[in-house]
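Chains as they are written, first to last, in our numbering: chain D, 5 to 255; chain P, 5 to 255; chain L, 5 to 255; chain E, 5 to 255; chain U, 5 to 255; chain W, 5 to 255.
Where is the CB? At the ideal position from N, CA and C, for every residue including glycine.
Encoded as structure tokens, the structure appears first; notes follow it.
There are 6 protein chains.
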Amino acid sequence: MTSHTPTICVINPNTSTAMSEGIATSARRVARGEILIHTSRHGPASLEGHFDEAMAVPGLLERMIETERGDTRVDGYLIACFGDPGLAAAREVASVPVMGVAEAGMQMAAMVARRFSVVTTLARTLPIAERLLHEYGKREQCAGLHACELPVAAFESDDDSVYDTLLTACREALEADDSDAILLGCAGMSELAERLGDTLGVPVIDGVTAGVALLGAASATGYPVSKRGDRAAPLAKPLYGAFEHLSRSLS
Amino acid sequence: MTSHTPTICVINPNTSTAMSEGIATSARRVARGEILIHTSRHGPASLEGHFDEAMAVPGLLERMIETERGDTRVDGYLIACFGDPGLAAAREVASVPVMGVAEAGMQMAAMVARRFSVVTTLARTLPIAERLLHEYGKREQCAGLHACELPVAAFESDDDSVYDTLLTACREALEADDSDAILLGCAGMSELAERLGDTLGVPVIDGVTAGVALLGAASATGYPVSKRGDRAAPLAKPLYGAFEHLSRSLS
Amino acid sequence: MTSHTPTICVINPNTSTAMSEGIATSARRVARGEILIHTSRHGPASLEGHFDEAMAVPGLLERMIETERGDTRVDGYLIACFGDPGLAAAREVASVPVMGVAEAGMQMAAMVARRFSVVTTLARTLPIAERLLHEYGKREQCAGLHACELPVAAFESDDDSVYDTLLTACREALEADDSDAILLGCAGMSELAERLGDTLGVPVIDGVTAGVALLGAASATGYPVSKRGDRAAPLAKPLYGAFEHLSRSLS
Amino acid sequence: MTSHTPTICVINPNTSTAMSEGIATSARRVARGEILIHTSRHGPASLEGHFDEAMAVPGLLERMIETERGDTRVDGYLIACFGDPGLAAAREVASVPVMGVAEAGMQMAAMVARRFSVVTTLARTLPIAERLLHEYGKREQCAGLHACELPVAAFESDDDSVYDTLLTACREALEADDSDAILLGCAGMSELAERLGDTLGVPVIDGVTAGVALLGAASATGYPVSKRGDRAAPLAKPLYGAFEHLSRSLS
Amino acid sequence: MTSHTPTICVINPNTSTAMSEGIATSARRVARGEILIHTSRHGPASLEGHFDEAMAVPGLLERMIETERGDTRVDGYLIACFGDPGLAAAREVASVPVMGVAEAGMQMAAMVARRFSVVTTLARTLPIAERLLHEYGKREQCAGLHACELPVAAFESDDDSVYDTLLTACREALEADDSDAILLGCAGMSELAERLGDTLGVPVIDGVTAGVALLGAASATGYPVSKRGDRAAPLAKPLYGAFEHLSRSLS
Amino acid sequence: MTSHTPTICVINPNTSTAMSEGIATSARRVARGEILIHTSRHGPASLEGHFDEAMAVPGLLERMIETERGDTRVDGYLIACFGDPGLAAAREVASVPVMGVAEAGMQMAAMVARRFSVVTTLARTLPIAERLLHEYGKREQCAGLHACELPVAAFESDDDSVYDTLLTACREALEADDSDAILLGCAGMSELAERLGDTLGVPVIDGVTAGVALLGAASATGYPVSKRGDRAAPLAKPLYGAFEHLSRSLS
């Protein structure tokens, strides 16, 4: 049996430390080793659309580059936003496996169920989830995409009405789709997954726990990550303007 | 951190105990908990085509049903043949996650590389691998399918010429496909993966280690498996003829 | 004009001789030549899921191998279960064309209508039908998949309520899908097809008659079947356990 | 057993009666009943592109409408040009099944082989064949598309060099594609299919014989054709200009 | 800035000059240069199915060949029927870009909205629209296909009830599909687009204006059209029967 | 005829003003109205991978927001980098049509040719182009993707060896793919397109000119852009860190 316990670095690409704490709690529940949690210092406090994601990515990459340049060995990175912002760029930067919580959740859903329903925050983010389903080869296994129409920030609260609204949306999704499982479409919903699963009697999957577990699995096998093609390190060149300090002599 | 260490039951659907031993060695290299290894008592000693797989599936299911009926708690099952024979039937039978080594290997390959080449035994099995790529949503990520034209049984030997033939096939696949990783298309190749990877300098993925690690990840999350739709337990009814003892009052 | 009349061997992969009789009656209605009907001696009396199918396949292949080894020249084989169990394995074994009733029914439906609805027995078998639609390139032409929720065994009875339940399901499918034809999703429904068609005024297609007719067409052309790639005869090797007598010196 | 022998009406959409004769010879070789052969009176003597096909379709429909208005009962129509020109329009006009030789050949190829190569006349017609493969759900089963670069008219001659050129193209296609069968991409090649098959040792499929056999199969089942949706009869309305005599009070 | 203003030749493939006038009015509203409008002299006065389209294509090509043979330089052709009849043949004939109004409308819809609903005349034409969506790679962006069940001829009238019926169908489509825009599925609806858009508050796209604008864009770039493969000029050969005067010494 | 001439705002998302000048020259060659050219102030001087694109997007959006907040009316935006970075985010921000040069080039290529080859800079960017082909529904029309292995910066020079290298790559692509046209995969290649086309005798398409022309077409029709779903304006919320000044009270 392998003895090394993996250190997984979870990066919250929004700037909400409250949300980071919730994510860390979930992550630690399933981790075999240590969880590092980083919060971005740039961009919005919640990601609810393409613009929000675009503005968050440099801050996410900044935290990852700091980690790569630092002294702590990390065995995998998890991007803790369901749109998996910056995933391809992060795979250029990192020397170890990187996953997004959407990718991880979709993969875990496919392991424990045949057809799952996605339940996310605002409807305007559904096209993002749908594109990822296609990209990860999971569109056929998704029975439907649904929004509970609560903003991301609502999930920083412990208010029962938040839980109730999400529960209702999950119930409606299961019935409308005749599906076998729920995939939660926001890292901020992570702490509610277990309670929802107990109530609904079907697997309720959260990408944070799925991602930490899957990255642990990748680490256990000992396979290196490919650094060829579009996963090769970024070319060395100066950056101008706001993120000059990330200029790549690093690569 | 989770303290329960998962017990993974690996079932070799062919009747070769020599191959089972090799598979067990690989499995144990990455397992966090115990590995149970079962060998089928029915069918051919190697699976190299649709007929071979079809004749092997009842023996595979027999071993799984024995395990389900037994006293040892199991946290996941791995079907140790690259065609993933009987996977859908096994998911009806089992109460915990089931994976095939093709499914697991393809998923792991997608985590550590963008485009992988499959290198398997005989060319006549390539259509089986190709169908699975479609089924698991990974056809786009497979850069090519190749056969080394050694039979499965060859991989029970330690003969260097076997390793050399496989190495050559992997090299040719990487060059022909301009791919980023190799996925080995036979559980019997498992013990050669690490050496191949060291030599080739790219990830060489083996479904046995991938499957044990991924089932461990599924177990770590604590998600139940769905038992709805076509994953519900088989209907209770008598079986006639050779496998009467598997008649389902069990379900 | 061709004078040879083809002999079609229909194999019922479940063990119900009552169902075999009904199937034979339908088959003979459209056959130009002789119909041989064989019933499996192993597995369940009805196939309603992946496990049932998996346990039925060796018995199906046993009957086919007996026929291949026998003295009666056969011009085509039809697998009389809508899941087309064992079709790929059967194509390795047989020296003449093999079809499944799902494949035949879907093909015939595409000849007489643009969009058809599938109406089958239990909902748990719908994923099997859906996979076959993809495999045979007919997913686009299927307007919807429906279950009447009667078990296969119900269709061994002449009870009018069985007919009525199926009729209602067909009516609902036509309306829900706005489709042009019905494809019956169980070989056991074969004898009801004509009456349903007369009542509904749309083509109601049954895979048994479709299959017998299409295999007759293949025979009429005189084309050999390909025995290359994954349709080559199984490799010669011993089988252990329950089906040792099918060990392949045959190939 | 059914006693009615079907009458199949084969329509050659080009104006070459020499080609019609060859087609009729092939058709009669496999027909169980009578073959009617009609030749278009409008358009080019050979169809080698979109323009040729477009100009040929009204003449094809004219012959079909004449037949529908006539006294001879017909059990099916076959459009004897590999581009299947006018197929959808013909299905509006006809009260019985209609097939094109491309559709029929692709379907027959899928019955006797896993992967086939198409070998046609001029390369400029390959996009037409490729579109039909997609439309009929057979793209995955086509291993490659090839042109022998002889014009359609060449196949009206008995010249051995024509046979030799086609044979060479078939051999090259089988090798380049590693395929299991050949599908001939021109109705004019029909009479050469048997000799090519004997020489090459793989199924060499011709859409004319395939179509006659498949339409016979459709007739044997007794299923009506759907006349709903886009297969309903054309709306009654006047036609102006060249084809005024086809104005539809008929429908 | 470019100074040449493009001349676009719009061909109405039905024989209704009333409809041609409406189309010309729309076309001129967006054109930077001159609009030539031609009406076919053969076939039906409205195209509502495959037969209608097939009978209209030779007349359409006749007008195009006359134009190609004439003295007026044309910078692009637009086929003004939503089924894009004869588009591939027209691209063989023409020396400049050719578009159909369905193609143009779908492309413009993709520029101004993410998901559009198609609203057309009679339901029997919906399969034609659906095939074009696939062919042009826009199926994913179409949220639904709907018919207002008014015949094409209705749109030659200024009757308010025609507008009202179409408006209602558009409203229902937007609601049923939760879509972002309407694409009108008939060239005859062109003059109503602007009023519908003002009322509905979403983009209401008409293929005539879209096509004139896009052909103007193609002309502005100065790119030649490819005349290779299936866009090469038709082979020179005689035509027999009704369209003998189009025999191709032209090519 | 329409009299308003559209103002198109072209944004170069890299920081190279030299490249912006070349792009502006091309854009003005086909524009009917005014061209505004903006250069990003943040990120790398050339975009050659996911990281480069990710770091460039905020600077691109900054320029667009400045323009939206400014006094100059703009009729369309063109993102002048072949990866179309930030396109979805830009469509949230903008009130008029937005295109990327890859999207525009692929669309224009489909108008003037059946199958095109993409020729881009470094091979590491090919996966980006391939993803866009899928996203825009143009994968089937792309015959192949090729790299000339010159960096983006090389195209700022007038050196003949740069032209020669690109010409050779285009020639090889046409031959390898048997394609009908070339699509240049970098905005920096724009000024070379015309010369390449003259030399090669096939359409050589550049996304800058294509995009300016297509945005002009969209403007000519007068259709508004949809601001629903994932094209709605970003939610109003503060941005932290580097781009705080883009905080959205704007929306």
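Using the Cβ count rule (16 or more neighbours within 10 Å means buried), how would you classify Gly26(U)? What you label residue 26(U) is simply residue 22 of the fifth sequence in a count that begins at 1. Gly26(U) should be labelled buried.
Starting from Lys142(E), find everything on chain L with Cβ-Cβ shorter than 8 Å and list it in chain order. Counting from 1 along the fourth sequence, the entry for residue 142(E) is found at position 138. Neighbours of Lys142(E) on chain L, chain order: Gly141.
According to the Cβ coordinates, are Ala185(U) and Pro155(U) closer than 7 Å? The sequence position of residue 185(U) within the fifth sequence is 181, counting from 1. The sequence position of residue 155(U) within the fifth sequence is 151, counting from 1. Cβ distance not < 7 Å, so Ala185(U) and Pro155(U) don't count as in contact.
Cβ-Cβ distance between Gly87(W) and Ile41(W) below 7 Å: Position 83 of the sixth sequence, counting from 1, holds the residue named residue 87(W). Position 37 of the sixth sequence, counting from 1, holds the residue named residue 41(W). In this structure, Ile41(W) does not lie closer than 7 Å to Gly87(W) by Cβ.
Per-residue DSSP class, three states only, for Thr11(E): Walking along the fourth sequence from the start, residue 11(E) turns up at place 7. Here Thr11(E) sits in coil by DSSP.
State yes or no: is the C-beta of Val123(W) within less than 7 Å of the C-beta of Cys85(W)? On the sixth sequence, position 119 is the one that residue 123(W) refers to. On the sixth sequence, position 81 is the one that residue 85(W) refers to. No, they are not a contact pair.
Give me the chain W residues within the contact set of Tyr81(U), using Cβ-Cβ distance strictly less than 9 Å, ordered along the chain. Here residue 81(U) refers to the residue found at position 77 of the fifth sequence. Under the 9 Å cutoff, chain W gives no residues; its nearest Cβ is about 12 Å from Tyr81(U).
CA nearest to the CA of Ser161(W), picked from Ala180(W), Ser194(W), Glu96(W): Counting from 1 along the sixth sequence, the entry for residue 161(W) is found at position 157. Nearest of Ala180(W), Ser194(W), Glu96(W) to Ser161(W), Cα basis: Ser194(W).
In the DSSP assignment, find the beta strand (DSSP E) that holds Leu82(U) and state where it starts and stops. To locate residue 82(U), count along the fifth sequence from 1; it is residue 78. That run of the beta strand (DSSP E) goes 80–83.
Mapping the DSSP letters down to three states, classify Thr6(L) as helix, strand or coil. In the third sequence, residue 6(L) corresponds to position 2, counting from 1. Any reading at Thr6(L) is ruled out, since the residue's pLDDT is 49, under 50, leaving its predicted position unreliable.
Under a three-way DSSP split, which group does Thr76(P) fall into? As a working mapping, residue 76(P) is identified with position 72 in the second sequence. Coil at Thr76(P), not helix or strand.
Selection from Ser230(E), Gln145(E), Ala236(E) that minimises the alpha carbon distance to Gly109(E): Sequence index remark: in the fourth sequence, residue 109(E) carries index 105 (1-based). The shortest C-alpha separation from Gly109(E) is found at Gln145(E).
What is the DSSP secondary structure of Tyr140(L), reduced to helix, strand or coil? Residue 140(L) sits at position 136 when you count from the first residue of the third sequence. It is coil, neither helix nor strand.
Measure the CB-CB distance between Gly233(E) and Ala58(U) and report whether it falls below 7 Å. Indexing the fourth sequence from 1 puts residue 233(E) at position 229. Indexing the fifth sequence from 1 puts residue 58(U) at position 54. Not closer than 7 Å, so no.
Please identify the residue among Arg128(U), Arg199(U), Ala93(U) whose C-alpha is closest to the C-alpha of Asp164(U). Within the fifth sequence, the letter at position 160 stands for residue 164(U). Residue Arg199(U) is the option with its Cα nearest to Asp164(U).
Roughly how many angstroms separate the alpha carbons of Leu254(D) and Ala240(D), rounded to a whole number? Position 250 of the first sequence, counting from 1, holds the residue named residue 254(D). Position 236 of the first sequence, counting from 1, holds the residue named residue 240(D). Note that Leu254(D) scores 48 on pLDDT, short of 50, meaning its location in the model is unreliable and no value can be drawn from it.
Take the Cβ of Glu179(P) as the centre, count every other Cβ of all protein chains shown within 10 Å, and call the residue buried at 16 or more, exposed below. Taking the first residue of the second sequence as 1, we reach residue 179(P) at position 175. The residue is exposed, with fewer than 16 neighbouring Cβ atoms inside 10 Å.
Integer Cβ distance of Met103(U) from Leu219(U), believed to fall under 8 Å: Along the fifth sequence, one-based indexing puts residue 103(U) at 99. Along the fifth sequence, one-based indexing puts residue 219(U) at 215. So it is a contact: roughly 6 Å between Cβ atoms.
Quick check on DSSP: helix, strand or coil for Tyr167(E)? On the fourth sequence, position 163 is the one that residue 167(E) refers to. In the structure shown, Tyr167(E) sits in a helix (DSSP, three-state: H, G or I).
Let's see if you can read the secondary structure: which residues bound the alpha helix (DSSP H) around Leu91(E)? Here the question's residue 91(E) lines up with position 87 in the fourth sequence. Start and end: 91–97.
When you compare only the Cα positions, how much space is there between Arg36(E) and Ser223(U)? Taking the first residue of the fourth sequence as position 1, residue 36(E) is located at position 32. Taking the first residue of the fifth sequence as position 1, residue 223(U) is located at position 219. So the two alpha carbons sit approximately 57 Å from each other.
Does the distance from the CB of Ala92(U) to the CB of His46(E) come in under 7 Å? Residue 92(U) sits at position 88 when you count from the first residue of the fifth sequence. Residue 46(E) sits at position 42 when you count from the first residue of the fourth sequence. Against a cut-off of 7 Å, the Cβ pair of His46(E) and Ala92(U) comes out as no contact.
I need the boundaries of the beta strand (DSSP E) containing Gly189(E), first residue and last residue. Along the fourth sequence, read from residue 1 onward, the residue named residue 189(E) stands at position 185. Counting along the chain, Gly189(E) falls outside any beta strand (DSSP E), and DSSP gives it neither H nor E.
Which of helix, strand or coil does DSSP assign to Thr203(P)? To locate residue 203(P), count along the second sequence from 1; it is residue 199. Three-state result, Thr203(P): helix.
If Gly215(P) and Leu82(P) are in contact, beta carbons under 8 Å, what's the gap, nearest whole angstrom? On the second sequence, residue 215(P) is found 211 positions in, with the first residue counted as 1. On the second sequence, residue 82(P) is found 78 positions in, with the first residue counted as 1. Confirmed, Cβ separation roughly 4 Å.
What three-state label does DSSP hand Phe86(P) in the structure shown? Start at 1 with the first residue of the second sequence, and residue 86(P) comes out as number 82. The answer is coil: DSSP assigns Phe86(P) none of H, G, I, E or B.
Quick test of your reading: Asp79(D) and Ile15(D), contact by CB under 8 Å. State the CB separation rounded to the nearest angstrom. To locate residue 79(D), count along the first sequence from 1; it is residue 75. To locate residue 15(D), count along the first sequence from 1; it is residue 11. About 14 Å; that fails the 8 Å criterion.
Is there at least one Cβ from chain D nearer than 7 Å to Met23(P)'s Cβ? As a working mapping, residue 23(P) is identified with position 19 in the second sequence. No, because no Cβ of chain D sits closer than 7 Å to the Cβ of Met23(P).
Cutoff 8 Å; reference Glu21(E); Cβ partners in own chain excluding five residues on either side: By one-based count along the fourth sequence, residue 21(E) stands at place 17. For clarity, residue 21(E) is Thr in the given sequence; the question names Glu instead. Closer than 8 Å at the Cβ level, and outside the excluded window around Thr21(E), lie Thr43.
Apply the 10 Å Cβ neighbour rule to Arg73(U) and answer buried if 16 or more other Cβ atoms are within range, or exposed otherwise. Indexing the fifth sequence from 1 puts residue 73(U) at position 69. Exposed, because fewer than 16 other Cβ atoms sit within 10 Å of the Cβ of Arg73(U).
Shorter than 7 Å from the beta carbon of Asp234(D) to some beta carbon of chain W? To locate residue 234(D), count along the first sequence from 1; it is residue 230. Cβ-Cβ to chain W under 7 Å: yes for Asp234(D).
Which residue marks the beginning of the beta strand (DSSP E) containing Thr43(E), and which one marks its end? Your numbering for residue 43(E) matches position 39 in the fourth sequence. Run containing Thr43(E): 39–43, per the beta strand (DSSP E) assignment.
With 8 Å as the limit, tell me which residues of the stretch 48–66 of chain P have their beta carbon closer than that to any beta carbon of chain L; keep them in chain order. Pro48, Ala49, Ser50, Glu52, Gly53, His54, Phe55, Asp56, Glu57, Ala58, Met59, Val61, Pro62, Gly63, Leu65
Can you look up Leu296(P) in the DSSP assignment and give me helix, strand or coil? Only positions 5 to 255 of chain P appear in the structure, and residue 296(P) is not among them; the question remains open.
If we define contact as Cβ-Cβ less than 7 Å, is Arg77(D) a contact residue for chain P? Working through the first sequence from its first residue, we reach residue 77(D) at position 73. By this cut-off, Arg77(D) is not an interface position.
CA-to-CA distance, Thr213(D) to Arg33(D), given in whole angstroms: Locating residue 33(D) in the first sequence gives position 29, counting from the first residue. Locating residue 213(D) in the first sequence gives position 209, counting from the first residue. Answer to the nearest angstrom: the Cα atoms are 8 Å apart.
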